[in-house]
Amino acid sequence: MKRRELLRLVTSATAVIGLGGSAEPDLERLKASAPGRLGRADLADFAALNAGLWAAFVMAQNKAEVGPAVWVQARRLTDALRRPQSTAVRKRVCALHADVFQLAGEVLFDANRYADAGYCYTLAATAAREAGAIDLWACALTRHAYISVYEQRFGDAVPLLALSADLARNGDSELATRNWVSAVLAQALAGVGDHAACERSLEQADRVRVFPRPGNGGWLRFDGSRLAEDRASCYVQQRRPDLAEPILLELLKKHQSGRRRGIALADLTAVSAQRPDVLRLVTYGAAALDHARQTGSGVVLRKLQNLRPELARFKQDPHVRNLDTEIAHLVVSSH
């Protein structure tokens with residue numbers, strides 16, 4: 115989606131959510147089956163489509179392919195909020211709005227469009243708050259904090275994640291929202307150098323294993339399957355290659371999506387720079403770059419982009435200089 119169209123959609127959605135619902139809706143108008151009034155079947159259809167879009171996003175190698183269908187769904191839900199609804203239905207539509215705009219943010223985040231993803235996450239948080247959906251609200255804030263983590267502004271991420279954690283503690287005890295917040299918080303704490311607090315957060319995240327069904331497959335997909343990657347990322351950030359490398363090498367032996375494999379390869383590139391091992395740095399870096407090209411994933415590319423200051427230490431090596439140049443070119447072409 116072009117940026118102007120996206121901002122128009124976000125502004126429109128923000129406006130209709132911000133208007134709020136009447137404490138005493140016009141019951142006569144609703145009883146008259148006003149055009150646009152939603153029933154249970156309509157809400158179920160919207161929810162099913164949201165779930166289908168999340169499933170398509172997870173399966174897609176190139177996440178941008180899901181974008182057009184997400185924008186269509188976002189417009190439909192925005193239009194539904196413009197029409198008269200009962201208070202209960204309005205809250206449900208706001209929750210669906212928060213759901214789809216988190217997905218919109220994920221599509222944009224993967225495209226390395228962090229500012230635009232931030233608009234979507236902010237709107238999702240507002241809609242979730244309007245719906246009274248605490249876990250949904252906490253997840254929207256956590257996704258927003260991820261932007262600061264990937265931009266390496268860890269000090270900005272910590273307070274936002276603390277707020278998410280406070281919300282999650284008052285959420286659904288059968289969902290692993292608080293554990294996911296802890297996993298992301300661990301990465302932010304690693305970034306600010308609080309190693310002890312990082313370990314405590316990782317331990318809290320690891321308790322997700324006691325949940326029979328920790329997530330919902332959509333806006334909350336945390337089930338512990340990525341805890342090894344999260345722990346390795348923390349060790350990379352702490353510059354502890356001896357702890358990060360065995361985890362990452364073990365991950366490469368497993369079947370993974372292109373994006374997850376690319377993230378592991380980018381972290382191994384960082385590990386090789388920290389050791390230092392120039393041969394492995396170039397080998398893993400080239401492989402990660404290939405995955406970034408194949409998947410179009412801005413997440414993998416951002417990790418490589420963040421490594422460029424490390425690569426400068428090896429500028430005398432022509433292979434490292436070439437890798438750095440290729441990363442720079444891909445960053446430019448991705449915008």
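Residues 115 to 449 (the numbering used here) are what the sequence shown spells out, left to right.
All C-beta atoms, glycine included, are put in the ideal place defined by N, C-alpha and C.
All values reported here derive from a predicted model rather than from experimental measurement.
In chain order, what residues of the same chain lie with their CB nearer than 8 Å to the CB of residue 178, ignoring the 5 residues before and after it? Position 64 of the sequence shown, counted from the start, is the residue given in the question as residue 178. In the same chain as residue 178, and ignoring 5 residues on each side of it, the C-beta atoms closer than 8 Å to its own belong to 221, 224, 225, 410, in chain order.
My output table needs one value for residue 258: the three-state DSSP class, helix, strand or coil. Your numbering for residue 258 matches position 144 in the sequence shown. DSSP places residue 258 in the helix class (H, G or I) of the three-state scheme.
For residue 378 and residue 306, what's the separation of their Cα atoms in angstroms? As a working note, residue 378 is residue 264 in the sequence shown. As a working note, residue 306 is residue 192 in the sequence shown. Cα to Cα, the separation comes out at about 22 Å.
Could you check whether residue 219 and residue 231 sit closer than 8 Å to each other, using their CB atoms as the reference points? Mapped onto the sequence shown, residue 231 falls at position 117. Mapped onto the sequence shown, residue 219 falls at position 105. Going by C-beta atoms, residue 231 is nearer than 8 Å to residue 219.
Which same chain residues end up closer than 6 Å to residue 256 when comparing Cβ atoms and leaving out the 5 residues on each side of it in sequence? Within the sequence shown, numbered from 1, the residue matching residue 256 stands at position 142. By the criterion of a C-beta distance shorter than 6 Å, residue 256 is surrounded in its chain by 278, 295, 298, once the five residues flanking it on both sides are discounted.
Note down the Cα distance separating residue 207 from residue 151, rounded to an integer number of angstroms. For this step, residue 207 is matched to residue 93 along the sequence shown. For this step, residue 151 is matched to residue 37 along the sequence shown. Rounded to whole angstroms, the separation of the alpha carbons of residue 151 and residue 207 is 11 Å.
In chain order, what residues of the same chain have a beta carbon less than 7 Å from the beta carbon of residue 120, not counting five sequence neighbours either side? One-based indexing of the sequence shown puts residue 120 at position 6. The residues are 230.
From residue 158 to residue 165, what does the alpha carbon distance come to, in whole angstroms? By 1-based counting over the sequence shown, the position of residue 158 is 44. By 1-based counting over the sequence shown, the position of residue 165 is 51. For residue 158 and residue 165, the distance between alpha carbons rounds to 11 Å.
Counting Cβ pairs closer than 8 Å, one from the region 339-353 and one from the region 310-325, do we hit at least three? Using a Cβ-Cβ distance cut-off of 8 Å, the region 339-353 and the region 310-325 are in contact, since at least three pairs of beta carbons, one from each stretch, lie closer than that value.
Residues near residue 228 in its chain [Cβ-Cβ closer than 6 Å; skip 5 each side]: Here residue 228 refers to the residue found at position 114 of the sequence shown. Apart from sequence neighbours up to five positions away, the residues of its chain that approach residue 228 with a beta-carbon distance below 6 Å are 261, ordered along the chain.
Just how far apart, CA to CA, sit residue 128 and residue 185? Working through the sequence shown from its first residue, we reach residue 128 at position 14. Working through the sequence shown from its first residue, we reach residue 185 at position 71. Rounded to whole angstroms, the separation of the alpha carbons of residue 185 and residue 128 is 15 Å.
Collapsed DSSP secondary structure at residue 388 in the structure displayed: Sequence index remark: in the sequence shown, residue 388 carries index 274 (1-based). In this structure, residue 388 counts as helix in the three-state DSSP scheme.
Should residue 147 be labelled buried (16 or more other beta-carbon atoms within 10 Å of its own) or exposed? In the sequence shown, residue 147 corresponds to position 33, counting from 1. Low confidence applies to residue 147: its pLDDT is 43, below 50, so where it sits in the model is not reliable, and the reading given next is rough at best. Residue 147 is exposed by the Cβ-count criterion.
Buried/exposed call for residue 436, threshold 16 Cβ in 10 Å: Start at 1 with the first residue of the sequence shown, and residue 436 comes out as number 322. Exposed.
Helix, strand or coil at residue 326 according to DSSP, with G and I counted as helix: Here the question's residue 326 lines up with position 212 in the sequence shown. Reduced to three states, the DSSP call for residue 326 is coil.
With distances taken from CA atoms, which of 326, 325, 334, 263 is nearest residue 217? Your numbering for residue 217 matches position 103 in the sequence shown. Nearest in C-alpha terms to residue 217, of all of 326, 325, 334, 263, is 334.
If you pair each beta-carbon of the region 380-388 with each one of the region 398-406, do three or more pairs fall below 8 Å? Per the Cβ contact rule, the region 380-388 is in contact with the region 398-406 (3 or more Cβ pairs under 8 Å).
So, are the CB atoms of residue 215 and residue 250 less than 8 Å apart? Translated into positions along the sequence shown, residue 215 becomes position 101. Translated into positions along the sequence shown, residue 250 becomes position 136. Taking 8 Å as the cut-off, the beta carbon of residue 215 is found no closer than this to the beta carbon of residue 250.
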